[in-house]
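Asker: Questions regarding the structure given below will be posed in turn.
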Amino acid sequence: MGNRWENLVVDARDPARLARWWAEALNYQITYEKPDEVEIRRLPDELPGLVFVPVPETKEVKNRLHIDLRPDDQEAEVERLVDMGARHVDVGQSAGDKWIVLADPEGNEFCVLTPRQ
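Okay, here's the thing in structure tokens:
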């Protein structure tokens, strides 16, 4: 019996808005949209996807799972994401860390890594 990673589900106050934000951030496309669920994928038949579902509460504590992005140019990507509405957050990282922690418009933390050497 096999297993395949299908989706990562993200709770959101406004699933459509947050899905669109992440689709732009990742250069993904919306592959499914209903009022109670929006899915984005890089390509329609490529897994895994990100699924955004509505919840009534706001995010209160640091995520226990987060996305790491590895762009070709960390500084330019951080600037682009911040211009889109991300913000810098402090989750206890050190000054010498090679990643930058940001939060999406609903406060979900993610990291922007340096390029691989």
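The numbers in full-length UniProt numbering rise by one with no breaks, and the one at position 12 of the sequence shown is 12.
Every residue, glycine too, gets a C-beta built ideally from N, C-alpha and C.
1) With a threshold of 6 Å on Cβ separation, who are the neighbours of residue 18 within its own chain once the five nearest residues in sequence on each side are excluded?
2) Does the pairing of the region 95-115 with the region 60-68 give three or more beta-carbon distances under 8 Å?
3) Once the 5 residues before and after residue 4 are set aside, which same chain residues still bring their CB inside 7 Å of it?
4) Taking residue 50 as the reference, which of 91, 6, 78 and 14 has the closest Cα?
5) In the DSSP assignment, the beta strand (DSSP E) including residue 109 goes from what residue to what residue?
6) According to DSSP, simplified to helix, strand and coil, what is residue 118?
7) Just reading off the beta strand (DSSP E) that residue 101 is part of, what are its end residues?
8) Specify the secondary structure class of residue 16 as computed by DSSP and reduced to three states.
9) Considering Cα atoms alone, identify which of 101, 116, 108 and 8 is closest to residue 61.
Answerer: From the atom records:
1) 12, 52 and 106
2) yes
3) 47
4) 6
5) 109-113
6) A question about residue 118 goes unanswered here, because the residues of the chain that appear run from 1 up to 117.
7) 99-103
8) helix
9) 108
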